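A.B. asks:
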Amino acid sequence: MNTAIRAKALASMVLFLSTGLCSAQSLQFSGGEPAWLSLERGKRAFGDKDFGEAIMQFDSAIAVRRGTFTTAAGRLDQALEAKAAVTAGDSLRAVLAAFAAEDFLQRDYDRLAAGRATTSKPFLEALRRERISDSHRAFIDVLLLVLEYRPMEAMNDSISTLRNRVRLLITYPEAEYWKGRVFFIEGELSLAELQYKRAYSMIPSLEIPDELYTILYAMAELYDAHSDFVAWENVMTSIVENNDKTIDAFLREAMMATLLDDGFNRFMTLYRINPSYSLEANAALASFYLERGRAPAVMHAAIAVNMTLTRAIAMMELKDRNYTWNGLEEFLRSAAQRKDISAHLREAGLPRLLLTLADSVYIAGGRSAATMIWKSVQSLEMAPYSAIASVRLSDPASAVRRLAP
Numbered sequence: 001m002n003t004a005i006r007a008k009a010l011a012s013m014v015l016f017l018s019t020g021l022c023s024a025q026s027l028q029f030s031g032g033e034p035a036w037l038s039l040e041r042g043k044r045a046f047g048d049k050d051f052g053e054a055i056m057q058f059d060s061a062i063a064v065r066r067g068t069f070t071t072a073a074g075r076l077d078q079a080l081e082a083k084a085a086v087t088a089g090d091s092l093r094a095v096l097a098a099f100a101a102e103d104f105l106q107r108d109y110d111r112l113a114a115g116r117a118t119t120s121k122p123f124l125e126a127l128r129r130e131r132i133s134d135s136h137r138a139f140i141d142v143l144l145l146v147l148e149y150r151p152m153e154a155m156n157d158s159i160s161t162l163r164n165r166v167r168l169l170i171t172y173p174e175a176e177y178w179k180g181r182v183f184f185i186e187g188e189l190s191l192a193e194l195q196y197k198r199a200y201s202m203i204p205s206l207e208i209p210d211e212l213y214t215i216l217y218a219m220a221e222l223y224d225a226h227s228d229f230v231a232w233e234n235v236m237t238s239i240v241e242n243n244d245k246t247i248d249a250f251l252r253e254a255m256m257a258t259l260l261d262d263g264f265n266r267f268m269t270l271y272r273i274n275p276s277y278s279l280e281a282n283a284a285l286a287s288f289y290l291e292r293g294r295a296p297a298v299m300h301a302a303i304a305v306n307m308t309l310t311r312a313i314a315m316m317e318l319k320d321r322n323y324t325w326n327g328l329e330e331f332l333r334s335a336a337q338r339k340d341i342s343a344h345l346r347e348a349g350l351p352r353l354l355l356t357l358a359d360s361v362y363i364a365g366g367r368s369a370a371t372m373i374w375k376s377v378q379s380l381e382m383a384p385y386s387a388i389a390s391v392r393l394s395d396p397a398s399a400v401r402r403l404a405p
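Here this note's numbering is used: the first residue of the sequence shown is 1, the next is one more, and so on.
1. Taking the alpha-carbon positions, what's the isoleucine 159 to aspartate 141 distance?
2. Do you know how far the Cα of methionine 307 is from the Cα of serine 276?
3. Specify the secondary structure class of serine 135 as computed by DSSP and reduced to three states.
4. For alanine 199 and alanine 154, I'd like the C-alpha separation in whole angstroms.
5. What separation, rounded to the nearest whole angstrom, lies between the Cα atoms of threonine 118 and glutamate 125?
6. What residues are listed by DSSP as bridge partners for serine 91?
7. Does the distance from the CB of leucine 279 to the CB of alanine 304 come in under 8 Å?
8. Write down the C-beta distance between serine 376 and leucine 309 rounded to the nearest angstrom, noting that I regard them as a contact closer than 8 Å.
9. What's the gap between the Cα of glutamine 25 and the Cα of leucine 318?
10. Rounded to a whole number of angstroms, what is the C-alpha to C-alpha distance between alanine 94 and alanine 88?
11. Taking alanine 98 as the reference, which of Met202, Arg65, Arg137 has the closest Cα?
12. Where does alanine 364 sit, in a helix, a strand or coil, going by DSSP?
13. List in chain order: all unbroken alpha helix (DSSP H) runs of 4+ residues lying wholly within the region 243-313.
14. Since leucine 232 and aspartate 244 are thought to touch, with beta carbons under 8 Å apart, how far apart are those beta carbons, to the nearest angstrom?
15. Tell me, to the nearest whole angstrom, how far the beta carbon of tyrosine 172 is from that of alanine 61; I am working on the premise that it is less than 8 Å.
16. What does the Cβ neighbour count give for glutamine 195, buried or exposed, with the cut at 16 atoms within 10 Å?
17. At the level of alpha carbons, what is the spacing between lysine 43 and glutamine 57?
18. Taking all protein chains shown into account, do 16 or more other C-beta atoms lie within 10 angstroms of the C-beta of glycine 180, making it buried, or fewer, making it exposed?
19. Going by other Cβ atoms of all chains shown within 10 Å of its Cβ, with 16 needed for buried, is isoleucine 185 buried or exposed?
20. Going by DSSP in three states, lysine 49 sits in which element: helix, strand or coil?
21. Do the region 378-387 and the region 282-289 touch if we need at least three Cβ pairs shorter than 8 Å?
22. Look at the Cβ atom of arginine 401, then the Cβ atom of glutamate 291, and state whether they are nearer than 8 Å.
23. Assign threonine 119 to one of three DSSP states: helix, strand, or coil.
24. Below 8 Å between beta carbons: does that hold for histidine 226 and leucine 191?
25. In terms of residue numbering, what span does the alpha helix (DSSP H) encompassing isoleucine 215 cover?
26. Using only CA atoms, which one of Phe51, Leu259, Ala283 lies nearest to glycine 366?
27. Among residues of its own chain, excluding the 5 on either side of alanine 283, which ones have a beta-carbon nearer than 7 Å to its beta-carbon?
28. If you draw a straight line from the C-alpha of cysteine 22 to the C-alpha of serine 238, how long is it?
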């Protein structure tokens with residue numbers, strides 16, 4: 001890490017310690033800037049390659065988030081100690097109703113509601129502007145704060161769920177991840193790994209749960225840079241296992257039997273796998289295993305190609321409802337006439353995926369199926385894959401790799 005970044009990282013730490021946790025805790029409740037604003041500033045600084053500033057902004061986001069929700073947890077506990085809350089039980093609506101019964105006459109409350117749902121943000125904000133008890137206000141403050149990150153439906157009308165959401169939001173995995181990106185770019189791989197692992201340990205706190213895969217792919221990138229192939233394989237495998245749960249052992253066996261015995265066209269006729277976050281991992285694992293002569297290569301390659309073509313076929317059907325799959329060669333000819341599909345296949349790296357699949361199929365014993373795929377790749381006239389396919393057709397044994405496992 002360069003001197004400027006080290007200095008700014010140290011400065012951000014000193015600033016946090018000197019201002020104290022209390023000031024950070026009260027920041028958002030007192031009208032200060034929310035944590036996400038510092039996160040966005042950090043991302044912008046990262047894009048501008050101002051990595052020192054980025055670190056400071058990410059640290060600020062983490063501190064404000066921690067402080068804000070630590071305070072929120074305390075205020076929620078205090079509010080729920082009030083008699084009205086205790087008698088209402090675990091229901092959010094019941095607690096709000098109990099507080100309202102203490103602070104309003106029914107006709108005044110009904111007039112304020114004016115047909116709005118009593119758990120809607122506009123109504124809660126209107127309530128907060130009224131003269132209400134400290135406990136009532138604290139409860140509404142915390143609820144509105146959580147609603148900035150989670151919808152009311154996610155609360156399940158449960159005080160226990162609200163408590164859990166507040167606890168989870170004390171941590172900020174998104175900011176921890178972005179700190180890791182800075183360290184990675186600067187070549188501080190050990191620090192980057194620590195940050196990625198820290199972010200991963202906080203995944204229940206992610207605002208968008210699927211950002212888990214952003215963290216995992218970043219970890220895989222780091223292990224690849226480290227040449228730590230065992231760790232890389234473990235991360236990629238976890239991505240696949242988490243996404244491809246519907247492809248059980250029985251289905252995998254059936255898919256492989258169809259592919260090797262009946263060929264690729266029959267395989268695509270019978271099976272369609274919608275693309276998921278595992279597509280990149282399946283493609284990477286296929287190449288990794290193929291280079292090392294390991295059997296799982298063909299399964300991962302088949303899934304990656306199937307996902308890519310399933311998406312392309314859906315795009316074809318969107319404009320041509322009568323379209324039906326009539327084999328790879330026919331599909332590639334039709335796709336070439338569609339700019340959107342051609343762009344999708346090019347971006348997905350279909351020729352490379354098909355070549356990996358064909359080589360894997362050949363090694364697994366499906367010579368006829370492999371030959372058909374090689375011919376299709378050859379017909380694409382796309383360098384360098386078409387030339388490699390031509391070599392395979394004249395010398396199929398060239399598909400066999402020699403790397404140590």
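All residues carry an ideal CB built from backbone N, CA and C; glycine is no exception. Quick caveat, the model's predicted, so the values are computed rather than measured.
C.D. replies: Considering the structure as presented:
1. If I take the Cα positions, the gap works out to 14 Å.
2. Spanning the two alpha carbons is a distance of roughly 8 Å.
3. Look at serine 135 here: in three-state DSSP terms it is helix.
4. Approximately 22 Å, taken between the alpha carbons.
5. When rounded, the distance between both Cα atoms is 11 Å.
6. In the DSSP assignment, serine 91 is bridged to Ser158.
7. A contact, by the Cβ cut-off of 8 Å.
8. That belief does not hold up - the Cβ atoms of serine 376 and leucine 309 are roughly 12 Å apart, past 8 Å.
9. Bear in mind that a pLDDT of 39 at glutamine 25, under 50, signals an unreliable position, so the model cannot answer this.
10. Rounded to the nearest angstrom, the two C-alpha atoms are 5 Å apart.
11. Alanine 98 has its Cα closest to that of Arg137, out of Met202, Arg65, Arg137.
12. Secondary structure at alanine 364: coil, using DSSP grouped into helix, strand and coil.
13. Listed in chain order, they are 249-257, 264-270, 279-291.
14. Looking at the sequence itself, residue 232 is tryptophan, so the reference to leucine does not match. Not a contact, Cβ separation roughly 18 Å.
15. Tyrosine 172 to alanine 61, Cβ: 6 Å. Contact.
16. Taking a 10 Å sphere around the C-beta of glutamine 195, we find 16 or more other C-beta atoms and assign the residue as buried.
17. Going by the C-alpha atoms only, they are around 9 Å apart.
18. The residue in question, glycine 180, is buried, as its Cβ has 16 or more Cβ neighbours within 10 Å.
19. Burial call: exposed.
20. Here DSSP, grouped into helix, strand and coil, assigns lysine 49 to coil.
21. When C-beta atoms of the region 378-387 are compared with those of the region 282-289, fewer than three pairs fall below 8 Å, so the two segments do not count as touching.
22. Going by C-beta atoms, arginine 401 is nearer than 8 Å to glutamate 291.
23. Reduced to three states, the DSSP call for threonine 119 is coil.
24. The Cβ atoms of histidine 226 and leucine 191 lie no closer than 8 Å to each other.
25. Segment 212-226, the alpha helix (DSSP H) holding isoleucine 215.
26. The option with the nearest alpha carbon to glycine 366 is Leu259.
27. Same-chain partners within the cutoff: Ala304, Leu353.
28. Low per-residue confidence applies at cysteine 22: pLDDT is 41, beneath 50, and the placement is therefore not dependable enough to give any value.
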